[in-house]
Amino acid sequence: MGERTEATTPPDRRATPAAARHDATASPSLLHRAAQALFRVRNFNDIHERAAELGLRLPLGSKRLDRLEAVRRSRTLFIHVPKNAGTSINALLYGRVMRHETARYYHHVAPDLFRPDIVRFAIWRDPVERFLSAYDFARRGGGRHVRIHPRFAAVYRQFRSLEDAIDHVAASRSPYGLDHVFRPQSWYLTDRRGQLLVERIFAFSRIDALPEHIPALAGSTIPHLNDTQRGTYVPTESQSRRIRALYRHDEMLRGRLTSL
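Each step along the sequence shown adds one to the number in UniProt numbering, with nothing skipped, and position 78 is 78.
Have a look at this one:
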């Protein structure tokens, strides 16, 4: 995998299970398909990510502007890496479902969110553990609150084994060729030179301690909203090695975790 990826995008509506589902019957318009081809993405919502990478300014719709205002009001920028318990944290911080937008995107469209008075953080998860969760999520077409994008759901339903999922990621030449759940964690958190754009990274195993370290979460209890039923998959040593190699930049983030 070329350490980049394509999309499981949570919708722009309020955080209710029914509202947060993709309309799998909706087919992209000719204009959408043309824009996707121009920006070399398979999911229309990735166009803004690609524009941020390319340094291009695109107009932001009202829903994107509303999400930015929600971040400003909380004075806290949480980068929601998929499969890292972000749905519940977004609900507490912003009262809504947020998209899986990268730190690069935010830096491009709202540089004011990178002032010293804005708290910026993310959650990190062991790459093998996260991959197993993503595999379950992908095979089931999503969870209770977020669905896999229809363009990827058809592909992921064909997975017959963990090896199929590993091969799928290994064959992808770009993060935009994968749904968000399979994209590297590092892809969400770094700039094009690989420099971290968040101040703090907390281990997934310690999310219960977030209210002690993030002012906007003080006094809160972190629930687990997007609970995906887990299988009993136990990767072989060879599979674990392949996963860690594919997500080697995520492994490197282990040394950047905030001490608690």
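Quick reminder that beta carbons are idealized off the backbone N, C-alpha and C, glycines included.
Where residue i sits in the DSSP three-state scheme
i, result
"residue 202", "strand"
"residue 76", "strand"
"residue 24", "Caution is warranted here: a pLDDT of 37 is assigned to residue 24, below 50, making its placement in the model unreliable, and the coordinate value is therefore given only provisionally. If DSSP states are grouped into helix, strand and coil, residue 24 belongs with coil."
"residue 218", "coil"
"residue 257", "coil"
"residue 118", "coil"
"residue 56", "coil"
Short Cβ contact (8 Å threshold) for residue i with residue j
i, j, result
"residue 137", "residue 83", "yes"
"residue 188", "residue 103", "yes"
"residue 207", "residue 123", "yes"
"residue 42", "residue 151", "yes"
"residue 202", "residue 258", "yes"
"residue 197", "residue 100", "no"
"residue 156", "residue 130", "no"
Buried or exposed (CB count within 10 angstroms, at least 16 for buried), residue i
i, result
"residue 59", "exposed"
"residue 158", "exposed"
"residue 29", "exposed"
"residue 49", "buried"
"residue 92", "buried"
"residue 110", "buried"
"residue 127", "buried"
"residue 85", "buried"
"residue 190", "buried"
"residue 74", "buried"
"residue 283", "A query on residue 283 cannot be resolved here, the shown segment of the chain reaching from 1 to 260 and no further."
"residue 234", "exposed"
Cα-Cα separation, residue i to residue j
i, j, result
"residue 181", "residue 117", "30 Å"
"residue 97", "residue 90", "6 Å"
"residue 133", "residue 35", "32 Å"
"residue 252", "residue 125", "12 Å"
"residue 70", "residue 144", "24 Å"
"residue 146", "residue 64", "18 Å"
"residue 163", "residue 255", "28 Å"
"residue 260", "residue 37", "45 Å"
"residue 167", "residue 239", "10 Å"
"residue 154", "residue 248", "28 Å"
"residue 219", "residue 68", "24 Å"
Same chain, Cβ closer than 7 Å to residue i, neighbours up to 5 away in sequence not counted
i, result
"residue 214", "76, 119 and 121"
"residue 53", "104 and 192"
Close beta carbons around residue i, own chain, < 6 Å, minus the five adjacent residues each side
i, result
"residue 142", "148"
"residue 250", "127, 184, 185 and 186"
"residue 165", "135 and 159"
"residue 39", "47 and 50"
"residue 242", "166"
Beta-carbon contacts of residue i that lie in its chain and below 8 Å, excluding the five residues immediately before and after
i, result
"residue 222", "85, 88, 89, 92, 207, 208, 210 and 211"
"residue 81", "100, 122, 123, 124, 125, 185, 188 and 189"
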